[in-house]
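Asks: Sharing a structure with you now.
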Amino acid sequence: MNSEPPPEMRNWRTRLFTRLVHGYFALTRGMTLGVRAACFDAEGRIFLVKHSYVAGWHMPGGGLERGETALQALAKELREEGNLVLSETPVLFHVYFNIRTSKRDHVLFYRCDNVRQTSPKLPDREIIETGFFPLESLPPGTTSATHRRLADLSASTPPADVW
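Residues in the sequence shown are numbered consecutively from 1, following UniProt numbering.
Take a look at the structure:
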C-alpha cells in the first residue's frame, strides 16, 4: 500500500481539518461510517462535486449520523450536495476501509443509475461546484480515489478493500 497521501490530502490545511473532524468523531463515535455514490444520469454521465474544504472533484457522499440508515444518509447527501433524487434503488457495490483518513473509517460505496437533478446546485459554504461529466472527459483535478472507484466499477476483477 502506498504511504504517500493522495494529492487532495497533501495540503496541510486539508490534513489538519480532516484530523480535527476525525478527532471529534473519535470522541463521539467508536467507528465512522460514510456513504459515497457513483451517480449516473440517463445519459450515462457521472455527477461530481467540488468541496470548499478539500481539493479536487469527488463523488457525492458523507457520514452517517446517529439514528440514520445508510440509505437515508445517501439520499440526504445526494440532495444536499447536488439536488439529486434517486429514480432507482441504489446498489451497494463494495465496502471500503478508508485507512488514509483514519484507522476506523469505512465507506459504503453505491452505484446509482438514472439520478435526476431537481434544480441546479448553487454554490454554498460546503459545495462550490458540481456537474455531470462524461466518463471519458472528467474534469481536471478529479481525485485519484474517484478514478480508482470508477475503475473498480468497470473492471471484471474484485475491487480493492482500501479506499
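Think of the CB as a built atom: it goes at the ideal place given N, C-alpha and C, for glycine as much as any other residue.
State whether the segment 103-123 contacts the segment 32-46, with contact taken as three or more CB pairs (one from each stretch) at a distance under 8 Å.
Replies: These segments touch.
Asks: Are three or more beta carbon pairs between the segment 68-79 and the segment 127-135 nearer than 8 Å?
Replies: With the cut-off at 8 Å, the segment 68-79 and the segment 127-135 do not touch.
Asks: For G56, which residues in the same chain have their Cβ closer than 8 Å to its Cβ, ignoring the five residues on either side in sequence?
Replies: Around G56: P7, E8, K50, G141, T142, T143 and T146.
Asks: Measuring CB to CB, does D105 end up less than 9 Å from F93?
Replies: Contact: no.
Asks: By the three-class DSSP mapping on this structure, what secondary structure does A75 have?
Replies: Here A75 sits in helix by DSSP.
Asks: Could you check what DSSP says for W163 in three-state terms: helix, strand or coil?
Replies: Residue state, collapsed to three classes: coil.
Asks: Please report the residue range of the beta strand (DSSP E) in which E151 lies.
Replies: Per the sequence shown, the amino acid found at residue 151 is Ala instead of Glu. Taken as a continuous stretch (DSSP letters only), A151 belongs to no beta strand (DSSP E), being part of the alpha helix (DSSP H) at S144 to S154.
Asks: What span of residues does the beta strand (DSSP E) with G30 cover, start to end?
Replies: Note, G30: premise wrong, no beta strand (DSSP E); not H, not E.
Asks: Would you check if the distance between the CB atom of A151 and the CB atom of P90 is smaller than 9 Å?
Replies: Contact flag unset, no.
Asks: Thinking just about the alpha-carbon of each residue, which of R125, I99 and K121 is nearest to the one in L84?
Replies: When each option's Cα is compared against that of L84, the closest is K121.
Asks: Nearest to G30 by CA position, among G82, F17 and K103, is which residue?
Replies: Answer by Cα proximity: K103.
Asks: Just checking my contact of G82 with G61 at CB under 8 Å: how many whole Å lie between their CB atoms?
Replies: With a Cβ gap of about 11 Å, G82 and G61 do not count as contacting.
Asks: By the 10 Å Cβ neighbour count, where 16 or more other Cβ atoms means buried, how is F17 classified, buried or exposed?
Replies: Exposed, since its Cβ has fewer than 16 Cβ neighbours within 10 Å.
Asks: Can you say whether T157 is buried or exposed, counting buried as having 16 or more other CB atoms within 10 angstroms of its CB?
Replies: The residue in question, T157, is exposed, as its Cβ has fewer than 16 Cβ neighbours within 10 Å.
Asks: G44 by DSSP, collapsed to three states: which one?
Replies: DSSP places G44 in coil when its eight states are reduced to three.
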